[in-house]
Amino acid sequence: MANEEDDPIIQEIDVFLARSLLEKLYLFQYPIRPASMTYDDVTHLSAKIKPKQQKVELEMAIDTLNPNYCRSKGEQIALNVDGTCTDETSTYSSKLMDKQTFCSSQAASNVSRYAAAVYKKGELHLTPLHGILQLRPSFTYLDKADAKHREREAANEGGDSSQDEAEDDVKQITVRFSRPETEQARQRRVQSYEFLQKRQAEEHWVHLHYYGLKDSRSEHERQYLFSQGHGLAENTELIKSPSEYLMMLMPPSVEEENEKPMAPSNVLSMAQLRTLPLADQIKILMKNVKVMPFANLLGLLGSGTDPTAVLRCVQQVALLVQGNWVVKSDVLYPKDTSSPHSGVPAEVLCRGRDFVMWKFTQDRWVVRKEVAAVTKLCPEDVKDFLEHMSVARINKGWEFMLPYDEDFVKKHPDIVQRQQMLWMGIQAKLEKVYNLLKEHLTPKKQEAQSAHPLLVSGEQRVNMAKAKVKQNYGQLEKEFQRQKAEMKSNDSSAKPDVANIRIKEEPVSVEEPMDTSAHEGLNNGLVNGLHPAQGPLDPVNGHLPGGCIDRVAQELKAFVSSTFKKQFVLTLSELKRLFNLHLASLPPGHTLFSGISDKMLQDMVLDTGCKQILVPFPPQTAASPDELKVYALWEAGDTYDQHRQVLLEIFSKNYRVRRNVIQSQLSQECGEDLNKQEVDRVLKVSFCSLW
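Sequential numbering of the sequence shown, starting at 1, is according to the UniProt record's numbering.
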């Protein structure tokens, strides 16, 4: 009450709503005028409008007699635009820049709360505005000057020869037939920027007649700004309560109501989110966050949420990448949508984003250029993919956003295995779509050493190694004692006569004495990397017992036979690599750990029916000796035995052979005509591991 007494009402003004110019009244906002153009002497030469776009173009005269006008500059601009010739198409007929064009743009998309007011004799008359347009100078005359300049240059460079003119008239025409347009292609075309620009350009200009400020027609039109009926009975809009009156003056914004998002980005609170079903909560959270550890997801869902139900729901909208959940591509890019940058359909975007996610399952780092080269998408789309789940590092690439969640991987191995199977299926699809090469499928060497970055000190590494040794020592000791007891029981049952045992003496050449000093220093009591006292078997006089040798030979033969049945041609280097992998998969104390030399391995290869192929490699080759030794299974018992033998004979004569030579030789030796596809199939089946 005290504030109302300090601020008394001085005057009450009646407000009227004028409707005569409804949906016809526009507000023009002019830029700051130069000194040579004032409000009094502005002359509108022409005006035109595009009603649908609410676009206006005005042409105003410039006072060239004003002392602030630079005449030399005006003449130079007119000369650049029109040249020396003056005709009907000239922009400046007076050879002087004496006019300026203004083009409009919408200042506000929603003008329903704006009105033009006229105060007269204690009455305030309001007329709603239909649009607010800002006028800016148009510099199309500069484009015209550039076009004139290019035409003059082309005319100067062109020759006067009639032969040249004749040659220019002859042009090659390419005829193309357009494919029938699908509905999706039509929608993308209609939504494209080029189509919208073309559609706007097709709308015709409507020329207007300008009336000055003091013209009688202008005075007549200004009368429509006043309400025609002053009685309250006629102005039913104003016979309202104060709240309804304010609602009419300030209606709620329709745009703001339409733009309220359904996701919890700015409007939906966590309390409102938890009223939704669990599946919808997880989908909304993953769609907004995009990458999240499982522990954080549980924390956002609130206490009391069943982790099993969360795991079941999150697998429907996200995929596991480095122990963290990343939202699926089809959730971010639903069907029948397109890229805001390039207009690419959602299906192509999902494939490109899946490729980025799959790359992060292989490495911590991803290179943007490599992704763009494979997916063939625009840089903006690729950048969006990477920003969803990674962070850019200078001179390194893009690193995955979150650290490897080792706790989740250890607690949920079944979920991890299921996700790995899903990624294998996604990888197979990506290989077909993008024709991925070997370098895209294999991670980089320096990054493949660790699936996730863990900073481990030297002391921690030593402690981890000691703990691992202690853990395995008990198992190795028990296995060693068991095999030692078996050896002693076998020796006691046989009871050999030591006196009758004779050791075979190998003849030693007098010319070439055997030097063992270097080998003794090198071996240092080790047999194939194992100390004799720690090996699984006790050697007798430096040799293994007969039963052990038979068991080693059987195991070795089984490995060689199974390997060559899978891969018919192998180099010695590749065979040794596969053998080392086989040893790594065997349990401690296996018989094959007794020590297998290269000679024993090669002899066993020949005993299993394989042959050594003497491929004549060039002398300057950089391959190692083991890579030059090639072994092949001569008879595998399948339909390609004869073809394989012919191929091996061919490569025993030359290490590089043309395909047509192979095709003709196979047709001649096998007595059947093989086409290119059949030859490729024979080569793939026979040399899949080598060539």
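Glycine is no exception: its CB is placed at the ideal position from the N, C-alpha and C atoms.
- With respect to Thr571, Val630 sits close: the two C-beta atoms are nearer than 7 angstroms.
- Secondary structure at Met250: coil, using DSSP grouped into helix, strand and coil.
- For Ile613, the enclosing beta strand (DSSP E) has its first and last residue at Cys610 to Ile613.
- Scanning the segment 636-676 for uninterrupted alpha helix (DSSP H) segments of 4 residues or longer gives 641-651 and 659-670, listed from N- to C-terminal end.
- Inter-residue distance for Gly589 and Leu476 is about 7 angstroms (C-alpha atoms, whole angstroms).
- Annotation: Glu672 to Ile650 spans about 17 angstroms, alpha carbon to alpha carbon.
- In this model, Pro242 and Thr275 are separated by some 38 angstroms (Cα to Cα).
- The segment 73-88 makes no contact with the segment 130-137, as fewer than three CB pairs between them are under 8 angstroms.
- Using a C-beta cut-off of 8 angstroms, the segment 109-129 makes no contact with the segment 64-83, since fewer than three inter-stretch Cβ pairs fall below that distance.
- Apart from sequence neighbours up to five positions away, the residues of its chain that approach Val344 with a beta-carbon distance below 8 angstroms are Ser338, Leu377, Cys378 and Asp381, ordered along the chain.
- The continuous beta strand (DSSP E) containing Ile132 extends over residues Gly131 to Pro137.
- With a cutoff of 7 angstroms on beta-carbon distance, Gln642 and Cys670 are scored as near each other.
- Counting along the chain, no beta strand (DSSP E) covers Tyr92, and no H or E run does either.
- At least 7 angstroms separates the beta-carbon of Val317 from that of Met270.
- Excluding five sequence positions before and after Phe408, the CB atoms of its chain that fall closer than 6 angstroms to its own CB belong to Phe294 and Gly323, given in chain order.
- By the CB criterion at 7 angstroms, Leu648 and Ala632 fall inside the cutoff.
- Rounded to whole angstroms, the separation of the alpha carbons of Glu635 and Leu581 is 26 angstroms.
- Counting only residues of its own chain and dropping the five nearest sequence neighbours on each side, Tyr434 has a CB closer than 6 angstroms to the CB of Val374.
- With respect to the C-alpha of Asn675, the residue from Gln663, Lys684 and Leu683 having the closest C-alpha is Gln663.
- Annotated three-state conformation of Cys313 is helix, per DSSP.
- Three or more Cβ pairs drawn from the segment 324-334 and the segment 345-356 lie within less than 8 angstroms of each other, which places the two stretches in contact.
- In the pairwise beta carbon analysis, the segment 123-133 is classified as not touching the segment 89-97: fewer than three pairs are separated by under 8 angstroms.
- Beta-bridge analysis with DSSP links Phe16 to His125.
- For Ala623, there is no enclosing beta strand (DSSP E), as DSSP marks it with neither H nor E.
- Exclusion of the five residues before and after Thr305 leaves Leu278 and Leu298 as the residues of its chain whose Cβ lies within less than 8 angstroms of its Cβ.
- Membership of Phe28 in any alpha helix (DSSP H) is not indicated; the residue belongs instead to the beta strand (DSSP E) covering Tyr26 to Gln29.
- Exposure of Tyr119 is indicated by the presence of fewer than 16 other C-beta atoms within 10 angstroms of its C-beta.
- Your pair Ile13 and Leu124 checks out as a contact, with CB atoms roughly 5 angstroms apart and the cut at 8 angstroms.
- In the three-state scheme derived from DSSP, where H, G and I count as helix and E and B as strand, His207 is classed as strand.
- Of the residues Asp414, Val371, Gln417 and Arg364, the one whose Cα lies closest to the Cα of Arg393 is Arg364.
- The distance from the Cβ of Arg368 to that of Trp398 is about 6 angstroms, consistent with a contact at the 8 angstroms cut-off.
- Separation of the CB atoms of Asp354 and Leu430 is rounded to 7 angstroms, and the pair is thereby assigned contact status at 8 angstroms.
- Look at the beta carbons and you see the segment 43-53 touching the segment 196-207: at least three pairs across the two are nearer than 8 angstroms.
- Contiguous alpha helix (DSSP H) elements confined to the segment 371-435 occur at 379-389, 406-411 and 413-434, taking only those with 4 or more residues.
- In the displayed model, Tyr141 falls within a helix according to three-state DSSP.
- Looking at Tyr30, Gln76, Pro307 and Lys144, the one whose alpha-carbon comes closest to that of Val56 is Tyr30.
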